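A short worksheet on the structure shown next.
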Amino acid sequence: MSVHSANSSTTAAAGRPRAVKAVIPAAGLATRFLPATKAVPKELLPVVDRPVLQYIVEEATQAGISDVLLITGRGKTSMVDHFDRRPDLEARLEKKPEILAAVQRPSELAEIYTVRQPEQLGLGHAVGYAESHVGDAPFAVLLGDEFVKMDEPLLPAMLELQARTGGVVLAFFEVDPEETKRYGIASVEPAESELTDIGEVVRVTGMVEKPDPEEAPSNLAVLGRYVLPGKIFDAIRRTKPGSGGEIQLTDAMELLRTEGTPVHAIVYRGTRYDTGMPLGYLQTVVQIAVEREDFGAEFRKWLTDFVNSNVSGGPNT
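So the sequence shown is residues 1347 to 1663, counted in the numbering used here.
Shown next, in the form of structure tokens:
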């Protein structure tokens, strides 16, 4: 049992418990990355020298969450292995303290639990498998293919907002109008004045999946972070298959909203890394690589030279 069980929840000024557990749905097949993901889970693809999943767990622990449930699927046990100890490897690294510390760090981040989703029938279906671990307490959901910059955190403000309202809390980011057909888009109104000290908070009045630009209610797209009340599980059970024949988390949240549960969101203005598609994954690797203290400057110079040589029709063209 994790030391961060529901009984150890911190409490907001309104007397509501603060979420202390996180759920990471990671059972998908990652068909966009095949054949690489035939044997290696997409969540373990490296961003320089750390897998995507580690960045996400680090995001949770930075916000004070150290109880993490992975919703896994067949062939994904290596995700759990990454957060386990390797005494044999550690023994070989005794004379290399920096590498040893990096190898040990994943096992020190959080207590990792797992449950298997036997079929991938939608995000709502996946989140439903967390009920026995989470119970009726609020919890965070972090999608396994995007994360934010560590020094531009998002989750702490979301946890605070959910503890104050007791409802559903989402995160949005702005997209160009022509990109609305790629995302879930929200309609919003100004939030209550007592919530504005948390950040750029809006109240959600509805959501539509991938609308054409001329039909989009705004340019605010859903980012893969949610903080949900425990009653979401009952809503998931009452949610019928929707888009793609799957049980959608969006539909379950909309059901709660129509029944009176408040839904708010924080508009995130920081840096978001999206590794869900090959292009976004490559962009993430490059962005993080050029910021590295150990080789970032050298890599940036090489990248500049490479791009310039191709533009000018050099030997790398």
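All C-beta atoms, glycine included, are put in the ideal place defined by N, C-alpha and C. What you are looking at is a predicted structure, and each value in this text was computed from that prediction instead of being measured.
Task: Residue from K1527, T1542, E1546, L1628 with nearest C-alpha to N1565 - done: With distances taken between Cα atoms, N1565 lies closest to K1527.
Task: Residue burial classification, V1349 (beta-carbon count within 10 angstroms, cutoff 16) - done: No answer about V1349 holds up, because its pLDDT of 30 lies below 50 and its placement is not dependable.
Open item on the list: Suppose contacts are defined by Cβ-Cβ distances below 8 Å. Is A1609 in contact with Y1572 by that definition?
Closed with: The sequence as given places Val at residue 1609; Ala does not occur at that position. No, these two residues do not count as a Cβ contact at 8 Å.
Task: Sequence-distant residues of the same chain with beta carbon closer than 6 Å to R1646, five excluded per side - done: V1636.
- [ ] Entirely within the region 1451 to 1484 and at least 3 residues each: give me those beta strand (DSSP E) ranges in chain order.
- [x] Runs of the beta strand (DSSP E) inside the region 1451 to 1484: 1457 to 1462.
TODO: Could you check the C-alpha separation between A1364 and G1512 for me, to the nearest Å?
DONE: In the sequence as displayed, the identity of residue 1364 is Arg instead of Ala. One Cα belongs to R1364, the other to G1512, and the distance between them is close to 9 Å.
Task: Assigned exposure category for M1496 - 16 Cβ within 10 Å defines buried - done: Exposure of M1496 is indicated by the presence of fewer than 16 other C-beta atoms within 10 angstroms of its C-beta.
Task: Assumed close pair A1598, A1581 - CB separation to whole angstroms, cut-off 8 Å - done: Their Cβ separation, rounded to whole angstroms, is 4 Å, which keeps A1598 and A1581 in contact under 8 Å.
Task: Residues near V1394 in its chain [Cβ-Cβ closer than 8 Å; skip 5 each side] - done: Around V1394, the same chain offers V1631, I1634, A1635, R1638 as residues with beta carbons nearer than 8 Å, after the five sequence neighbours per side are excluded.
- [ ] Starting from the C-beta of L1288, find all residues in its chain whose C-beta is less than 6 Å away, skip the five residues before and the five after it, and write them out in chain order.
- [x] With the chain running from 1347 to 1663 in the structure shown, residue 1288 is simply not present.
TODO: Reducing DSSP to helix, strand and coil, say where N1353 ends up.
DONE: Caution applies to N1353, whose pLDDT of 33 falls short of 50 and renders its modelled position unreliable; the model cannot decide the point.
Open item on the list: Which complete beta strand (DSSP E) runs does the region 1482 to 1515 hold, if anything under 3 residues is left out?
Closed with: If we require 3 residues or more, the beta strand (DSSP E) runs fully inside the region 1482 to 1515 come out as 1485 to 1488, 1492 to 1494.
Open item on the list: Here's the rule I'm using: 16 or more other beta-carbon atoms within 10 Å means buried, otherwise exposed. How should E1506 be labelled?
Closed with: Within 10 angstroms of the beta-carbon of E1506 lie 16 or more other beta-carbons, which makes it buried.
Open item on the list: Cutting at 8 Å between CB atoms, please list the residues of its own chain near D1491, excluding the five before and the five after it.
Closed with: So the list reads K1388, E1389, V1398, G1570, D1620, T1621, G1622, once near-sequence residues are dropped.
Open item on the list: By the three-class DSSP mapping on this structure, what secondary structure does G1591 have?
Closed with: DSSP places G1591 in the helix class (H, G or I) of the three-state scheme.
- [ ] Return helix, strand or coil for D1522, following the three-state DSSP convention.
- [x] The answer is coil: DSSP assigns D1522 none of H, G, I, E or B.
TODO: Examine the Cβ distances between the region 1467 to 1486 and the region 1423 to 1442 and report whether three or more of them are shorter than 8 Å.
DONE: No: fewer than three Cβ pairs fall under 8 Å.
Open item on the list: Quick check: what's the CA-CA separation for A1503 versus N1656?
Closed with: So the alpha carbons of these two residues sit roughly 43 Å apart.
Task: Nonlocal neighbours in the same chain, by C-beta distance under 6 Å from R1362, ignoring five residues either side - done: Listed in chain order, the non-local C-beta contacts of R1362 below 6 Å within the same chain comprise A1509, G1512, local neighbours out to five positions each way being set aside.
Open item on the list: Pop quiz: T1418 and T1460 are said to be a contact at Cβ under 8 Å. What is the actual Cβ separation, rounded to whole angstroms?
Closed with: At roughly 5 Å, the Cβ-Cβ gap stays under 8 Å, so T1418 and T1460 are in contact.
Open item on the list: So, with DSSP's three-state summary, where would you put E1555?
Closed with: Here DSSP, grouped into helix, strand and coil, assigns E1555 to strand.
- [ ] Decide if A1532 is buried, meaning its Cβ has at least 16 other Cβ atoms within 10 Å, or exposed.
- [x] The residue is buried, with at least 16 neighbouring Cβ atoms inside 10 Å.
Open item on the list: Can you look up E1535 in the DSSP assignment and give me helix, strand or coil?
Closed with: DSSP, reduced to helix, strand and coil, places E1535 within a strand of the structure shown.
Task: Residue nearest to Q1463 in terms of C-alpha spacing, selected from V1369, E1546, E1561 - done: When each option's Cα is compared against that of Q1463, the closest is V1369.
Open item on the list: Assuming contact is defined by CB atoms lying nearer than 8 Å, are A1537 and V1548 in contact in what I supplied?
Closed with: Taking 8 Å as the Cβ cut-off, A1537 and V1548 qualify as a contacting pair.
- [ ] Can you tell me which of the three DSSP states Y1322 falls into?
- [x] The question about residue 1322 has no answer here: the residues shown for the chain are numbered 1347 through 1663.
Open item on the list: Quick check on the DSSP output: the alpha helix (DSSP H) that includes T1407 runs from which residue to which?
Closed with: The continuous alpha helix (DSSP H) containing T1407 extends over residues 1398 to 1408.
Open item on the list: Which residue marks the beginning of the alpha helix (DSSP H) containing T1630, and which one marks its end?
Closed with: Segment 1624 to 1636, the alpha helix (DSSP H) holding T1630.
Task: Buried or exposed (CB count within 10 angstroms, at least 16 for buried), E1440 - done: So E1440 counts as exposed.
Task: Sequence-distant residues of the same chain with beta carbon closer than 7 Å to E1600, five excluded per side - done: Closer than 7 Å at Cβ, skipping near neighbours: M1553.
TODO: Drop a sphere of 10 angstroms on the beta-carbon of F1652, count the other beta-carbons inside from all chains shown, and report buried for 16 or more, exposed for fewer.
DONE: Exposed, by the Cβ-count rule.
Open item on the list: Give me the DSSP bridge partner(s) of T1418.
Closed with: BP columns for T1418 point to R1462.
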